[in-house]
Amino acid sequence: MIPWQPHPRRSRCWLPRPTRLASPVSLHFVTLVPSALLLQPSEGGTLAGAGPPEFPLGARLPVSQEVLYRKWRPQRFADVAGQEPITTTLRHAVAGGTPAHAYLFTGPRGTGKTSTGRILAKAVNCTAAVDGEPCDACPSCEAFATGRTMDTIIELDAASNRGIDEVRAMREAAGIQPGGGRYKVYLIDEVHMLTDAAFNALLKTLEEPPPHIIFVLATTEAHRIPATIVSRCQRFDFRRINLQAVVDRLAVVAAGEGITVAPGGLEAVARQATGSLRDAVNLLDQLVAYDGVTLDMEAVQRGLGLVVDSRTTELARAMVTKDLGTGLTLLSAARDDGVEIRSFVREVVSTLRALLMLRAGAGDGLPLSEVQRTELGTLAKETQTGAIVGALRAFGSLDFAGDPYDSLPAEIAFASFAVGLGEESAAPVAMTPTPPPSGRPAAPATRGGAQRAPGNARPGQPQQSPQPPQARPSQAQGGEQQRAGAGEGARRQEAAAAGSGPPPRTLALPDEAQASPELVAARAQWATIRERARKRSIKAGSLLAQAQVKQFADDSIEVGFQFRSHLDKVQEDANVMLAIREAVAETMGRPIAVVPVLWEALHAAGAAAAASASPSPSAPRGAPEPSSAPSAPRAGASGGAGPGGSGTGGHLLEEALKYGAVPVEE
Ligand SMILES: [Zn+2]
-9 MIPWQPHPRR SRCWLPRPTR LASPVSLHFV TLVPSALLLQ PSEGGTLAGA GPPEFPLGAR
51 LPVSQEVLYR KWRPQRFADV AGQEPITTTL RHAVAGGTPA HAYLFTGPRG TGKTSTGRIL
111 AKAVNCTAAV DGEPCDACPS CEAFATGRTM DTIIELDAAS NRGIDEVRAM REAAGIQPGG
171 GRYKVYLIDE VHMLTDAAFN ALLKTLEEPP PHIIFVLATT EAHRIPATIV SRCQRFDFRR
231 INLQAVVDRL AVVAAGEGIT VAPGGLEAVA RQATGSLRDA VNLLDQLVAY DGVTLDMEAV
291 QRGLGLVVDS RTTELARAMV TKDLGTGLTL LSAARDDGVE IRSFVREVVS TLRALLMLRA
351 GAGDGLPLSE VQRTELGTLA KETQTGAIVG ALRAFGSLDF AGDPYDSLPA EIAFASFAVG
411 LGEESAAPVA MTPTPPPSGR PAAPATRGGA QRAPGNARPG QPQQSPQPPQ ARPSQAQGGE
471 QQRAGAGEGA RRQEAAAAGS GPPPRTLALP DEAQASPELV AARAQWATIR ERARKRSIKA
531 GSLLAQAQVK QFADDSIEVG FQFRSHLDKV QEDANVMLAI REAVAETMGR PIAVVPVLWE
591 ALHAAGAAAA ASASPSPSAP RGAPEPSSAP SAPRAGASGG AGPGGSGTGG HLLEEALKYG
651 AVPVEE
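This is the structure we're talking about:
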C-alpha cells in the first residue's frame, strides 16, 4: 500500500466563508473577489502562484493553520479515514466504469468530503486505475499531483460564489469536452449556500447531464438542499471519524513530519477534535507551532487547554469521597487557568470510568501508566461502587449550554452530588433544556455498562464514551495547583452548599438597558466567536473567556476585557488578534475591524448584577431564586446544607459574570 503523499500544492482559493447569512452580506463578498478567480480550475497551479487576494481585516481564513492538513490530504480512496463504506462503493463504481452523474456528500466538517471528491476526480480520469484506485503514475494522475489539471476538476466554493451567474457559466463550460481526461468533475463545496436561482440553474444541468460530467456536491447541511436536487444525486453520508481512525492518521502525519508525541498524546488530540480529521491535524499543527516537534504529554495537555493529569485525578477522587471543598477549589482553579471546563470534565469522566472498571476487576486492558494504575487501583479499593456510579451520573450528563468554559454547571453538579442530591434524583443537571450540538461528555458506565464495546457507540459521537482514559505522567505539583482560590473555593463551597442553585441566565451587563438590538445580537454570537477563536488559537480562546462585546457597528466590534493584563496579552500577540479577527469574520460573515478595549465596568457589573439578583427583603436569605431552572438542585430544601449562605446567589452570579458567563436571551 502506498503511504500518504505530501500534497505539493495549495489547491484552493481561500475566501471568507459566511454562514447563515442574508444575501446582502454575501454580495459584499462577491464584490471582493475578482471575477477571474471564479470558476477556474482551482486545482491549477496558477491560482496558487498568484496567491490569495488581500482582503481587509480578518477576511482570510487561517491558511497557515491548515498547512499540515492540506499537505497530508489523502491521495487514494484507501487513505480516506473512517469512511470505508463510501470509498469502497466509489472505488467499485470507478472500476466498473459506472460512476454516477451526480453525488451528494453530506456530513460534518473535516470528515473527508472534499478530499474524497478530489480522489474521485483523479480516479475517473486515471488511465491505469487498479480496482478503482488512481495509479498515481499516469499523465492524468501526474497532472493532479502537480496541480496542472486543465479541466478535469473544477472546484467551486458555494459559500463565496453562490449566485446564478457562476452556475450559468458552469453550465456553459460543462458542454465542452474535457481537454485533459475523460470526465470533468465539478466539485461544489458548501452547496447549501447557493441561492434558489442558482439551484434552479444547477437542476437543469442535473436533469440532462452531458455524459462527461460528474457533479460532486458537498455540504454540512443536507437539509438545506432542495429535494429536487437530492433526488438526482447519489447520496453518501460521511460520518464523524472514530477515534482510532483519527489517531492512526495523526500517527502517519506525525511520522512523516518528524513529530514525536508522547504516548497518549495523539489520543488526546483526537478526542478533542471530536471526529473531525481536519480539526485533529490542525490541532497537532498548532501544538507543534507552540512547542516544537517533540511533544510530551504536558505540552499536549497544556496546548489543548486540558489540565495536567493530577487535577483530573484529584477531582475524581474528590467526587467519590464527596470532598466538596477540594472539588470546588479544583474547578475554580482550573477555570482561573483558562482551562476548557467541558474538556476537563470529559477527562474526569474518563478517569471515573477507569476507576469503575478497576473496582469491578475489569481494568486489565486500560491503557494506564504504572503510576496511575497504582494510584487509581488504591482509590478503587477504598471506594464504594455506588459512589463511582453516582459521580459518573453527576458529571456524565452535564450540559454546558454552549459555553465550554463555564465552570458553573460542573460546580453545581459536583455540589449537589456531594450533598446527596445527585444520587436521590437521577435527573441530569442542566443549565438549559437544549443540549449543545457536540462535545457533550457522555456517561458511559451508567448507560451501556462499563464494558460496552466501542462499536456500540452511537454514530453521532462514536469516539467519546467508549474510550478508555489515557496514560499520563503523574504530576508532583498537584497540591500547588490548589494554591490560588483556596479561600475563594471555600466561599464557593459555602455558596453551592447553601443551595442557591444556578442563577438565571439573563445576567445584566453594565449597559444592558441601553444596548441596541444589533449589540444584543452580536452578544448572542459571542460564545460562537469565542469557540471559533479558540479553534484557531487556544490562547485567544482563554483570553476571550473573560471578555464581552462592548460596542458593535457595521464595520467594527469593540471587545471589552475586564482586566488590563488580558488586554495587554491580546494586543501584544499578533496571532491572538488574527484568531479573534478571523473568528469574528467567520461568525458575522464579513470582515469587521476588531478593537480590544479595557472594560472594567464589566467586572463591576458582576457585583451590580449580583445585587440586583439578590432575594427580595421578604424572601428568606439564601433561598433559591424563583427564576432558577426547574432542574436546579435545591440543597436548602434537603436540609443537608450548611447555614449562613447569605447572598450566595449573588456571589455565584458575580463569579459567573466575572469568568465569562454569557447572558442568554430568554
Ligand atoms: Zn493514473
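With our numbering, letter number 471 in the sequence shown gets 461, and the count goes up by one each step, no holes.
For glycine and all other residues, C-beta sits at the position ideal for the given N, C-alpha and C.
Item to check | Nearest-angstrom beta carbon gap, I249 and L285 [assumed within contact, 8 Å] | outcome: Right, their Cβ atoms sit about 7 Å apart.
Next on the checklist: Let me confirm a value: A217 is counted as buried when at least 16 other C-beta atoms fall within 10 Å, else exposed. Which label applies?
Outcome noted: By the C-beta density criterion, A217 is exposed, having fewer than 16 other C-beta atoms within 10 angstroms.
Item to check | Which listed residue (D313, G137, I547 and F67) has its alpha carbon closest to that of G410 | outcome: D313
Next on the checklist: For G102 and Q73, which I take to be in contact (beta-carbon distance under 8 Å), what is that distance rounded to the nearest angstrom?
Outcome noted: Confirmed, about 5 Å.
Checklist entry - Is DSSP giving H18 helix, strand or coil here? => result With a pLDDT of only 28 at H18, under 50, the local geometry of the prediction cannot be trusted, and the value read off the model is given with reservation. Note: H18 maps to helix in three-state DSSP.
Checklist entry - Can G171 and N232 be called in contact, C-beta distance under 8 Å? => result In terms of Cβ geometry, G171 and N232 do not form a close pair [threshold 8 Å].
Next on the checklist: Taking 7 Å as the cut-off, is the beta-carbon of D396 closer than that to any non-hydrogen atom of ligand 1?
Outcome noted: no
Checklist entry - Roughly how many whole angstroms lie between the Cα atoms of D179 and D147? => result 5 Å
Checklist entry - How would you label H182, buried or exposed, when you count the other beta carbons within 10 angstroms and need 16 or more for buried? => result The residue in question, H182, is buried, as its Cβ has 16 or more Cβ neighbours within 10 Å.
Checklist entry - Since Q234 contacts A90 with CB under 8 Å, what's their CB separation in whole angstroms? => result Contact doesn't hold; Cβ gap of about 31 Å is too wide.
Checklist entry - Taking just the CA atoms, how far does Q552 sit from L592? => result 6 Å
Item to check | Every unbroken alpha helix (DSSP H) within the stretch 82 to 137, with a cutoff of 4 residues, ordered by chain | outcome: 103 to 115 and 129 to 136
Item to check | Where F542 sits in the DSSP three-state scheme | outcome: strand
Item to check | Unbroken beta strand (DSSP E) run spanning I143, endpoints | outcome: I143 to D147
Next on the checklist: If you reduce the DSSP assignment to three classes, tell me which class V283 lands in.
Outcome noted: Reduced to three states, the DSSP call for V283 is coil.
Item to check | Neighbour-count burial assignment, A543, 16 or more Cβ in a 10 Å radius | outcome: exposed
Checklist entry - If we count the other Cβ atoms within 10 Å of its Cβ and call it buried at 16 or more, is V329 buried or exposed? => result buried
Checklist entry - Taking 7 Å as the cut-off, does the CB of D69 come closer than this to any heavy atom belonging to ligand 1? => result no
Checklist entry - Exposed or buried, G122, counting other C-beta atoms within 10 Å across all chains shown (16 or more means buried)? => result Taking all protein chains shown into account, G122 has 16 or more neighbouring C-beta atoms within 10 Å of its C-beta and is therefore buried.
Checklist entry - Bridge partners of A208, per DSSP? => result F95.
Item to check | Counted within 10 angstroms of its Cβ, other Cβ atoms place Q536 as buried (16 or more) or exposed | outcome: buried
Checklist entry - Since R60 and S266 are thought to touch, with beta carbons under 8 Å apart, how far apart are those beta carbons, to the nearest angstrom? => result In fact, because the Cβ distance is near 15 Å, the residues do not count as touching under 8 Å.
Checklist entry - What separation, rounded to the nearest whole angstrom, lies between the Cα atoms of Q291 and I203? => result 47 Å
Next on the checklist: On the CB-based measure, 16 or more other CB atoms within 10 Å of its CB, does R571 come out buried or exposed?
Outcome noted: buried
Checklist entry - Of the choices A344, D275 and F205, whose alpha-carbon is the least far from that of L382? => result A344
Next on the checklist: For a test of the three-state rule: what should DSSP assign to A599, helix, strand or coil?
Outcome noted: With a pLDDT of only 43 at A599, under 50, the local geometry of the prediction cannot be trusted, and the value read off the model is given with reservation. Helix, per DSSP.
Checklist entry - On the three-state DSSP scale, how would you describe V329? => result coil
Next on the checklist: For P458 and L342, I'd like the C-alpha separation in whole angstroms.
Outcome noted: Confidence at P458 is low in this model, with a pLDDT of 38, below 50, so its placement is unreliable and no value can be given for it.
Item to check | Assigned secondary structure, D354 (DSSP; H/G/I helix, E/B strand, else coil) | outcome: coil
Next on the checklist: Using CA atoms only, rank isn't needed, just tell me which of D326, H556, M578 and E508 is closest to E590.
Outcome noted: H556
Checklist entry - Quick one: what's got a C-beta closer than 8 Å to G165's C-beta in the same chain, skipping five residues either side? => result P200
Checklist entry - Is it right to say R10 is buried, meaning 16 or more other beta carbons lie within 10 angstroms of its own, or is it exposed? => result Per-residue confidence for R10 stands at a pLDDT of 31, beneath the threshold of 50, marking its modelled position as unreliable; no derived number is given.
Checklist entry - Any heavy atom of ligand 1 within a distance shorter than 7 Å of the CB on D121? => result Set against 7 Å, the gap from the CB of D121 to the closest heavy atom of ligand 1 is not smaller.
Checklist entry - Whose CA, out of V310, G315 and R336, lies closest to the CA of A377? => result V310
Checklist entry - Cβ-heavy atom distance between A111 and ligand 1 below 7 Å? => result no
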